[in-house]
Each structure stands twice: as C-alpha cells, then as structure tokens.
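First residue of the sequence shown: 807, per the working numbering; consecutive thereafter.
In what follows, a structure is listed as structure tokens, so that the remarks can point back to it.
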Amino acid sequence: MAFELRQELRLSQSLVMTPQLQQAIKLLQLSRLELVEEVKQEIEENPMLECAEVTDTAEVTNELEAKSADTAELDWQSYLEGISGDYSGKGSLNFSDRVEDSYIDTLSNVSGGIKEHLMEQLKLSSLSGEDIDLGFFIIGNIDDDGYLRVVDENDLDPTVCEDMALEEIGRNTGASICDVERVLGVIQDFDPAGVCARSTRESLLLQAARLPVRDTVVEEIIRNHLTPLANKNYKLIASKLSVTFDDVIDAVKIIVTQLNPMPGSGFGADESRAVIPDVYITKVDGRYVVNQNDNGLPKLKISPYYRQLLSANGGMKGETKEYIQERFKSALWLIKSVHQRRRTIIRVVESIVRFQRQFLDKGVQYLKPLTLKDVAEDIGMHESTVSRVTSNKYADTPRGILRLKYFFSNSMSGVDGSDVAVEYIKKKIKGLVEVENSMKPLSDMKIVDNLKGDGIVLSRRTVTKYREAMGILSSHKRKSYL
C-alpha cells in the first residue's frame, strides 16, 4: 500500500465562543447574589468600571445607547440557541433547594459553634503542654454534628473505624496511640454528652453511660443492634437479647427521647445560607407585574477619567492606549450583558406567569404541567436559554418564595382525562402521610386508594417513587410503637 502527502481545502461550520460570549452566558445563569459578587469582582479588576449613583442611572443608559453605534452588536442569543446543555457557571454561594417563607433563611451561629464551646472547656481542663496541642488538633477535626471526622466511616465496622481514627490522629500529630486515646477520653467527658465520638454507636454509648440509671438493654441495643433498631425490627432484637418485646420498646423509648444522634446540634453552623428572590411577582389592579430585584446590585458606568483620556487621545501610545481601549470594550460589554440578562429574565418570568396564573390565584392544585419548550416557544427563545434563566433563581410570589424550576412540572392523567401536575400529586401524598395514624401508617397501596378518591389514578410503584423522592420512609419504618 502506497502512502502520500497532499493538501486539501475543506469548508465547515463551527461554533466559536469568544470570551465576551462566555461571559454573557455565565451572567445569564447566575443568581442575583452571584451576579452581585461577579460585578464587584469586575469593578475591582477593570479600572474603566465604576459604581454609578442613583442620579447617574440616566447617564449610564444614555452612554450605553450612544456607544452601541460604535460597537458591533453581537446577537449572543443566536449563539445560545446553538449550544446544547447548560453552562456550568461557578458561583460563590450555595443555595438551598427548599421553598422559604422569608427572604433570608439563616442558620444561626449565636453560640460560636461546637468547636469554640469545646475549646473553652479544654482550656479549663487538667490537660497541659503537648496534651493541650493534641486536644486542639482533635477538636479541630470535629464537625458541626459533634463527631470526630478523621476517617471516612462509610460501611466500616464501628470498632474498625474507631481504631483507624486513633491511628490517623497519631500519624498526623506524632503522638502515641495511648496518648491520643487518653486525651480523647478527656474531651469525650466534656459537655454535651456524646461529643467527639468517632461513630454513631460510640456517641450513643457515651450518652447512655451518663443516664441517671444505667440500662443494660439500652447499651446492648446500641452496641450490637443499631441496624435492626433503625429498621424498627424490634421482634428480632427481643429474640437476640432473649428479652420481652415490651422490654425492647421501653429501651427504644429511652434511646429516642433521651439520646441525641447529633450531639453538636443546637450550637450553630459555621456557615450561613441565604435565599433571596431574583424577581418579584406582584398583583396590581388584577394583573401580575414582574420586577427584578436590583437591591444591592451596583449600577455600572464608565469611569469619567478614563473616558476623558480616550476622548482626548493625547499622551497615550502603544501598549497603554491598547490596554485602555481593551478595558473600555470589556466594561461596555459587561454593562450590555447585564442589561440583556435583565430583559431576558423578565421575558421568561412573564411567560411563566401567563401559563401559571391560576396557580398564583388559587394555589398548587391549579399548577399546570409546564415544560421549558412551552415557555421557549411562547417568547421565541431556545430551550437552553430558558433553562439557564430558570437555574438557581427564586421568585417572590403571592404563594411564597419559589424556585423558578418549581413552575415546571410533568403531568399525570386524572380520572376525567385532565392533566394533573406532579408537584400537586406529591403535595397530596405528603398531606396524607402527615395526618395518618402513626400507630397504623398508610401503606403505598392505601395511598393509591386515597388518591383515587380525589380523581388521581396512580400505580403503587409510582406512589413509592414519589414518596422516596420526598424522603418519606416506608409505612413499616414510619410505624410508631411509642
């Protein structure tokens, strides 16, 4: 076979994403809080950008419109429509996926945290010298739940996990296993009971040892039968321990009511999380109005000083002139991208409101099945654009603060042939479980029968899927013997 080299010309189409386009896509997907952080960072890095006063808003808008004629208008919308999938922008904040009743849902930290609480006790303890340093290391590895996390517990046997933790601490500090065990024992005597345990079993045993009256059945259940305890298989425990069923129930009551599997709870968390709406949906004179939440978002404008330098064009040569022009283009693009982002979000949310007006008026029972494609076709955009707009964003509505993704739901057919939103079905299942008799919880089949009475026909398997998606335990595990 002969080989030869030759040149060929081929025509092909490819999508080229400029840095400016990437920035526009990233801004579109950011939440309001993430956008504020992004804008502040750009202001710090670009000398051409400044925060405008409220009175300068008109100046910023006029300047943007005037400069638009000098800058080629890039239709980044068409680029977005040609890109499949979501752009994974990296934000600086993490948000909860729960529906909130207030603007800010903050985990309080009034006590300074479990670590600070233990540090104060360590300073007052009998330990000194190198033992204090070892104690600081141990407490520094305690998580917010009060557990000593130096080894990933996973499916390890608790005894193996506890021994590995001692070895790991010794390896990192240079202390002997005996010294680590001795200092750890001192810290485990601190308040609250069960703190600094290396496993759930150890934490519960530490707490059981401090009960006013020691109960051997309680300690034996914790030591060897935590799995059947979690599964509420009390008959198996009674058989293994050779005690009566009532004895097991009494022991379980003590474990459930007097022991805490998370001894560090109540001391606050190290981080605060917030949910702040990106848009407001309010009803004015019988119609819904959509407004973006601009509170705290800097108003951008071009620096007058550098703008004057560009206009004068004097004294600037070579790299200096090129740098200022490049920064000017970057600043102008950011301003335009923020304005474009605002208009796009408003259009998408207004479309959602048109589809879900009955839900806003009457409640979740009237939540319509809705897809990204429905909204995209309504406003003439691509589905990927709508997906980016609705990601990581919240709306303040008459029904509370909701994720924009909440408005999109698949449907199931009702008895009369009408479509029922999955979110409504989940709410019905949750409602049935909340009012059930805990001594005789509803099985999935019973839930199916109850839903059928409301005109919703589901299979048992579908009910199980929705129940598990909401984190609701099976009827066997929900049953209460107490």
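Glycine included, C-beta positions come from ideal geometry on N, C-alpha and C.
Local Cβ density within 10 Å of residue i, reported as buried at 16 or more and exposed below that
| i | result |
| --- | --- |
| Cys-1111 | For the sequence presented, residue 1111 should be read as Tyr rather than Cys. The residue is exposed, with fewer than 16 neighbouring Cβ atoms inside 10 Å. |
| Leu-940 | buried |
| His-1282 | exposed |
| Thr-1050 | exposed |
| Asp-958 | exposed |
| Cys-857 | exposed |
| Asn-978 | exposed |
| Thr-1203 | buried |
| Met-1276 | exposed |
| Asp-844 | Residue identity check: residue 844 is Glu in the sequence provided, not Asp. So Glu-844 counts as buried. |
| Ser-1009 | buried |
| Thr-861 | Bear in mind that the predicted position of Thr-861 carries a pLDDT of just 46, short of 50, making it unreliable; the figure below should be weighed with that in mind. Exposed is the call here. |
| Phe-809 | exposed |
Same chain, Cβ closer than 6 angstroms to residue i, five either side skipped, listed in chain order
| i | result |
| --- | --- |
| Val-1001 | Gly-952, Pro-1069 |
| Val-1239 | Ile-1278 |
Rounded straight-line distance, which links the Cα of residue j to that of residue i
| i | j | result |
| --- | --- | --- |
| Pro-1247 | Leu-1257 | 15 angstroms |
| Tyr-1128 | Thr-1191 | As written in the sequence, residue 1128 is Glu, which differs from the Tyr given in the question. Using only the alpha carbons, I get a separation of about 34 angstroms. |
| Ile-776 | Ile-1185 | No information on residue 776 is available, as it lies outside the stretch 807 to 1288 that the chain covers here. |
| Ser-1286 | Ser-1193 | 43 angstroms |
| Ala-981 | Gly-991 | 15 angstroms |
| Met-1187 | Phe-1161 | 16 angstroms |
| Ile-1043 | Leu-962 | 22 angstroms |
| Glu-848 | Met-1251 | 57 angstroms |
| Glu-926 | Val-1195 | 48 angstroms |
| Ala-1182 | Leu-1176 | 11 angstroms |
| Arg-1273 | Leu-1065 | 28 angstroms |
| Ile-944 | Leu-1012 | 17 angstroms |
| Ser-934 | Phe-942 | 11 angstroms |
| Asp-1255 | His-923 | 52 angstroms |
| Val-1085 | Glu-840 | 14 angstroms |
| Pro-998 | Ala-1014 | 13 angstroms |
| Ser-818 | Ile-831 | 25 angstroms |
Three-state class that DSSP yields for residue i in the structure shown
| i | result |
| --- | --- |
| Glu-887 | Caution applies to Glu-887, whose pLDDT of 44 falls short of 50 and renders its modelled position unreliable; the value that the coordinates give is listed next. Note: Glu-887 maps to helix in three-state DSSP. |
| Leu-1293 | For the chain, the structure presents residues 807 to 1288; residue 1293 sits outside this window and is missing. |
| Asn-1097 | strand |
| Leu-991 | The identity of residue 991 in the sequence shown is Gly, whereas the question assumes Leu. Note: Gly-991 maps to helix in three-state DSSP. |
| Lys-1038 | coil |
| Gln-1177 | It should be noted that the sequence gives Thr, not Gln, for residue 1177. DSSP places Thr-1177 in coil when its eight states are reduced to three. |
| Leu-1208 | strand |
| Cys-857 | strand |
| Asp-1053 | helix |
| Thr-867 | Low confidence applies here, because Thr-867 scores a pLDDT of 46, under 50, leaving its location unreliable and the question unanswered by this model. |
| Ala-1014 | helix |
Proximity test, residue i beta-carbon vs the ligand NAP heavy atom, cut-off 7 angstroms
| i | result |
| --- | --- |
| Leu-1010 | The ligand NAP is absent from the structure shown, which contains no ligands of any kind. |
Residues near residue i in its chain [Cβ-Cβ closer than 7 angstroms; skip 5 each side]
| i | result |
| --- | --- |
| Gly-976 | Ser-982, Ile-983, Val-986 |
| Phe-1213 | Ile-1158, Gln-1162, Leu-1176 |
Close Cβ partners of residue i (< 8 angstroms) along its chain, the five nearest in sequence each way excluded
| i | result |
| --- | --- |
| Ala-878 | Residue confidence is low: Ala-878 scores 40 on pLDDT, short of 50, so the model does not pin down where it sits. No coordinate-derived value is stated. |
| Val-1159 | Ile-1087, Tyr-1094, Val-1096, Leu-1166 |
| Ala-971 | Leu-954, Val-956, Val-957, Arg-1004 |
| Arg-1007 | Pro-964, Ile-1028, Arg-1029, Leu-1032 |
| Arg-1016 | Ala-999 |
is_contact[residue i, chain C] using C-beta, thresh 8 angstroms
| i | result |
| --- | --- |
| Lys-1059 | Among the chains of the structure shown, chain C does not appear; only one protein chain is present. |
For the region 1109-1154, which segments carrying the beta strand (DSSP E) assignment without a break, of at least 3 residues, lie completely within its bounds, in sequence order? Within the region 1109-1154, no complete beta strand (DSSP E) run reaches 3 residues.
Let me know the beta strand (DSSP E) ranges lying completely inside the region 1210-1270, each 3 residues or longer, listed in chain order. Counting only runs of 3 or more, we get 1217-1219, 1225-1227.
Quick check on the DSSP output: what are the complete beta strand (DSSP E) runs of length 3 or more inside the region 917-981, in order along the chain? Qualifying beta strand (DSSP E) stretches: none in this window.
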